[in-house]
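*Asks:*
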């Protein structure tokens, strides 16, 4: 296993040096000194080759995505990411692969001032587990459980593009050649809504990041908050490429249940609506109101102001 | 992937409810409120089936060991473990397996009041990654880098038994039938030296947990502290079963380079020696002085007061 020790060299090149890291990589544990009156938020996500990314995904994209999906969870809490631990299992030591992977990891870390504080390198089938941590002022964080009937339902960005990319890769959809790279970037290099999440901490009543698909993740908010929701399908934000590539029904199906978007889904009370929209506009984050919460404890959809049934994977009737 | 969501039910049964966990499993992140004037220590370890444990290891032992190896790192810092995140990748949903695995995880957690705060469940080749965190009074922790020439070298417990168990399993050594289960328990159910680590925080100059083998892990202390060490081989603590089962040379070889012991290796100044020995005696932790540090920047060994050469895997000349 000696050569696996060498993997550490690829992760020793980071530029981020946070003041709250007393002891970084290289001992039995990292030692952190979070400042007082903060909560620490913690999330863990695993990416398995062939399950969470296609086997031929570039190593840089894998590194990026492993960090991004974790920072997206931190963003959904309204927290500021601070530290990550990286456990990487690789079948063999491939220096070029590791270098590109580390580049993908560090690019996002440097952008958000997140320090790699440790981890483990082991031999086996390719898999990456990252535990990310973040900080938020004490008792000030977003959760899935604060939504109320009457609150407005919003998403950041466009939905379904990552799912569209997967359809293209698996040959289910043909895209215009000039669109392929920008759609594939939505799958391979998702941009976690870290700054938007922190802005929303002041305004949103509940939030979640869209990893499983809109319907499934909205179900999590509804279940945790004991509410229902109606989605106005006409309002779902779709990219121009999506609109040009698919019929509207197929496009909506990907947007509702495709997953892997890593946009934020959040709810806002009537009172906070204008303040939130102003703040998000200043932050430069595109947002769209896609519906409203109600007391039904189910998820419904309307199209052209008429109730419509949806067939979406990931949809589950959650009332008992 | 829906059935993988069901795995969560096996981890929802924990009894530990810590006051510093504001939000536990079930949201995008856990939310923690560490008390003030504490450092947080963090470690991550992955166990891959067939690499870090034999394929036929019982699920309860795998759960135990995944927690134990992480708590052992926390112990080596002199910290008190507090929270773990669990990422588990399994090839299929096997309820009996998962139940036994969870039992192994929770047994240690309950004993040390460690709360499972989240994680991820994915499908793929069996592998477990745990990120464990602990707390220690501010600026009070053990590291690998505080050892000084002249300090005494100690270990807790007996060395080499886990390696002996592996030799038995792979058919390289035959053990008396009545010894097999107790030796196998040393491999499958290692006991992290959590309380000993906290006691040592007051006395030791450096510490590390023995996962790679005595020589390799002593090398880490020597390198980080810029010292050398002499090990008195006659003093190496060996279990009665080890002494009865192997010739002394073979026993010492396992003790020096076998790994997987999860005992603590630590250094103590002459001034702190008596205080440490008294405290460890009160704590009920067996310890043995096995040598002394020097300025040589190499590791040497003596037997019967004479220098002796060792052939140990994991040994590496670390001076440059």
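Chains as they are written, first to last, in the UniProt record's numbering: chain X, 1 to 320; chain Y, 1 to 320.
Backbone N, C-alpha and C define an ideal beta-carbon position, used for all residues, glycine too.
Which chain X residues are close to residue 118 of chain Y, counting only those with a beta carbon under 7 Å from its beta carbon?
*Replies:* The count along the second chain starts at 1 and reaches residue 118 of chain Y at position 118. Neighbours of residue 118 of chain Y on chain X, chain order: 42, 43, 44.
*Asks:* Inspect the CB distances between the region 123-141 of chain X and the region 122-129 of chain Y and report whether three or more fall short of 8 Å.
*Replies:* Judged by Cβ distances under 8 Å, the region 123-141 of chain X makes contact with the region 122-129 of chain Y, as three or more pairs qualify.
*Asks:* Using a Cβ cut-off of 7 Å (strictly closer), state whether residue 317 of chain X contacts chain Y.
*Replies:* Numbered from its first residue, the first chain carries residue 317 of chain X at position 317. Caution is warranted here: a pLDDT of 33 is assigned to residue 317 of chain X, below 50, making its placement in the model unreliable, and the coordinate value is therefore given only provisionally. By this cut-off, residue 317 of chain X is not an interface position.
*Asks:* Counting only Cβ-Cβ distances shorter than 9 Å, please list the residues of the region 85-114 of chain Y near chain X, keeping chain order.
*Replies:* If the cut-off is 9 Å between Cβ atoms, the region 85-114 of chain Y has 85, 86, 87, 88, 89 near chain X.
*Asks:* Anything in chain Y within Cβ reach of residue 304 of chain X, meaning under 8 Å, just list it in chain order.
*Replies:* Here the question's residue 304 of chain X lines up with position 304 in the first chain. Within 8 Å Cβ-Cβ: nothing; residue 304 of chain X doesn't reach chain Y, min ~32 Å.
*Asks:* Between residue 221 of chain X and residue 267 of chain X, how many whole angstroms is the CB-CB distance? I'm expecting something under 8 Å.
*Replies:* As a first step, residue 221 of chain X must be located in the first chain, where it is residue number 221. As a first step, residue 267 of chain X must be located in the first chain, where it is residue number 267. Rounded, the Cβ-Cβ distance is 7 Å, consistent with contact.
*Asks:* Please work out which residues of its chain come closer than 8 Å, Cβ to Cβ, to residue 143 of chain Y, disregarding the five sequence neighbours upstream and downstream, and give them in chain order.
*Replies:* Working through the second chain from its first residue, we reach residue 143 of chain Y at position 143. The answer, listed in chain order, is 77, 206, 207, 224.
*Asks:* Residue 216 of chain X to residue 219 of chain Y, Cα distance in whole Å?
*Replies:* On the first chain, position 216 is the one that residue 216 of chain X refers to. On the second chain, position 219 is the one that residue 219 of chain Y refers to. In a straight line, the C-alpha of residue 216 of chain X is about 51 Å away from that of residue 219 of chain Y.
*Asks:* Ignoring anything shorter than 4 residues or poking outside the UniProt domain "PurM-like C-terminal" (148-293) of chain X, list the alpha helix (DSSP H) runs there in chain order.
*Replies:* Listed in chain order, the complete alpha helix (DSSP H) runs (minimum 4 residues) inside the UniProt domain "PurM-like C-terminal" (148-293) of chain X are 161-169, 177-188, 194-200, 214-225, 240-245, 248-257, 273-283.
*Asks:* With H, G and I counted as helix, E and B as strand and the rest as coil, what does DSSP make of residue 56 of chain Y?
*Replies:* On the second chain, position 56 is the one that residue 56 of chain Y refers to. DSSP places residue 56 of chain Y in coil when its eight states are reduced to three.
*Asks:* Looking only at DSSP bridge pairs, what is residue 321 of chain X linked to?
*Replies:* No statement about residue 321 of chain X is possible, as the shown extent of chain X runs from 1 to 320 and does not include it.
*Asks:* Pull up the distance between the alpha-carbon of residue 262 of chain Y and that of residue 54 of chain X, whole angstroms please.
*Replies:* Counted from its first residue, the second chain places residue 262 of chain Y at position 262. Counted from its first residue, the first chain places residue 54 of chain X at position 54. For residue 262 of chain Y and residue 54 of chain X, the distance between alpha carbons rounds to 38 Å.
*Asks:* Give the straight-line distance between the Cα atoms of residue 102 of chain X and residue 271 of chain X, rounded to the nearest whole angstrom.
*Replies:* For the purposes of this step, residue 102 of chain X is identified with residue 102 of the first chain, where counting begins at 1. For the purposes of this step, residue 271 of chain X is identified with residue 271 of the first chain, where counting begins at 1. Distance between the alpha carbons of residue 102 of chain X and residue 271 of chain X: 44 Å.
*Asks:* Residues bridged to residue 118 of chain Y by DSSP?
*Replies:* Within the second chain, residue 118 of chain Y is the residue found at index 118, counting from 1. Y/85.
*Asks:* If you run the structure through DSSP and keep just helix, strand and coil, what is residue 14 of chain X?
*Replies:* Within the first chain, residue 14 of chain X is the residue found at index 14, counting from 1. In the structure shown, residue 14 of chain X sits in coil (DSSP, three-state: anything other than H, G, I, E or B).
*Asks:* Along chain X, in chain order, which residues have C-beta atoms closer than 9 Å to that of residue 123 of chain Y?
*Replies:* As a working note, residue 123 of chain Y is residue 123 in the second chain. Ordered by position in chain X, the residues that pass the 9 Å Cβ test against residue 123 of chain Y are 48, 51.
*Asks:* Taking only beta-carbon atoms, is residue 222 of chain Y less than 7 Å away from chain X?
*Replies:* Against the second chain, residue 222 of chain Y aligns to sequence position 222. Output row for residue 222 of chain Y: interface = no.
*Asks:* Apply the 10 Å Cβ neighbour rule to residue 247 of chain X and answer buried if 16 or more other Cβ atoms are within range, or exposed otherwise.
*Replies:* Your numbering for residue 247 of chain X matches position 247 in the first chain. Exposed, because fewer than 16 other Cβ atoms sit within 10 Å of the Cβ of residue 247 of chain X.
*Asks:* Contact between the region 278-293 of chain Y and the region 91-111 of chain Y: three or more CB pairs below 8 Å?
*Replies:* The region 278-293 of chain Y is not in contact with the region 91-111 of chain Y.
*Asks:* With distances taken from CA atoms, which of Y/178, Y/120, Y/71 is nearest residue 330 of chain Y?
*Replies:* With chain Y covering only 1 through 320, there is no way to say anything about residue 330 of chain Y.
*Asks:* With a threshold of 16 other CB atoms inside 10 Å of the CB of residue 320 of chain X, please say whether the residue is buried or exposed.
*Replies:* The residue labelled residue 320 of chain X in the question sits at position 320 within the first chain. For residue 320 of chain X, the pLDDT reaches just 31, beneath the cut-off of 50, and the residue's location in the model is therefore unreliable, leaving the point undetermined.
*Asks:* Using only the alpha-carbon positions, how far apart do residue 197 of chain Y and residue 265 of chain Y sit?
*Replies:* To locate residue 197 of chain Y, count along the second chain from 1; it is residue 197. To locate residue 265 of chain Y, count along the second chain from 1; it is residue 265. So the alpha carbons of these two residues sit roughly 10 Å apart.
*Asks:* In chain order, what residues of the same chain have a beta carbon less than 7 Å from the beta carbon of residue 187 of chain Y, not counting five sequence neighbours either side?
*Replies:* The count along the second chain starts at 1 and reaches residue 187 of chain Y at position 187. Closer than 7 Å at the Cβ level, and outside the excluded window around residue 187 of chain Y, lie 162, 165, 166, 260.
*Asks:* Between the Cα of residue 192 of chain X and the Cα atoms of X/235, X/13, X/68, which residue gives the shortest distance?
*Replies:* Taking the first residue of the first chain as 1, we reach residue 192 of chain X at position 192. Ranking X/235, X/13, X/68 by Cα distance to residue 192 of chain X puts X/68 first.
*Asks:* Are the region 231-241 of chain X and the region 291-304 of chain X touching, with three or more C-beta to C-beta distances below 8 Å?
*Replies:* Judged by Cβ distances under 8 Å, the region 231-241 of chain X makes contact with the region 291-304 of chain X, as three or more pairs qualify.
*Asks:* In the DSSP assignment, what residue or residues form a beta bridge with residue 23 of chain X?
*Replies:* Sequence index remark: in the first chain, residue 23 of chain X carries index 23 (1-based). For residue 23 of chain X, which the question treats as bridged, DSSP gives the partners X/31.
*Asks:* Take residue 8 of chain X as the anchor and find which of X/135, X/118, X/239 has the nearest alpha-carbon.
*Replies:* Counting from 1 along the first chain, the entry for residue 8 of chain X is found at position 8. Of the candidates X/135, X/118, X/239, the one whose C-alpha sits nearest the C-alpha of residue 8 of chain X is X/118.
*Asks:* Against chain X, does residue 300 of chain Y count as a neighbour if the rule is that its beta carbon must be under 7 Å from one of theirs?
*Replies:* Residue numbering aside, residue 300 of chain Y sits at position 300 when the second chain is read from its first letter. No - not a single Cβ of chain X is within 7 Å of the one on residue 300 of chain Y.
*Asks:* Return the CA-CA distance between residue 295 of chain X and residue 227 of chain X, expressed in angstroms with no decimal places.
*Replies:* For the purposes of this step, residue 295 of chain X is taken as the residue at position 295 of the first chain. For the purposes of this step, residue 227 of chain X is taken as the residue at position 227 of the first chain. Cα to Cα, the separation comes out at about 5 Å.
*Asks:* Name the chain Y residues that come within less than 7 Å of residue 32 of chain X, Cβ to Cβ?
*Replies:* As a working note, residue 32 of chain X is residue 32 in the first chain. Correct list: 39, 40, 42.
*Asks:* The alpha helix (DSSP H) that contains residue 105 of chain X, what's its start and end?
*Replies:* Along the first chain, one-based indexing puts residue 105 of chain X at 105. Residues 95-112.
*Asks:* Is there a Cβ from chain Y that is less than 7 Å from the Cβ of residue 76 of chain X?
*Replies:* Counted from its first residue, the first chain places residue 76 of chain X at position 76. Yes, residue 76 of chain X counts as interfacial toward chain Y.
*Asks:* Can you confirm whether the region 38-51 of chain X touches the region 149-157 of chain Y when touching is taken to mean that 3 or more C-beta pairs between the two stretches lie within less than 8 Å?
*Replies:* They do not touch, by the three-pair rule.
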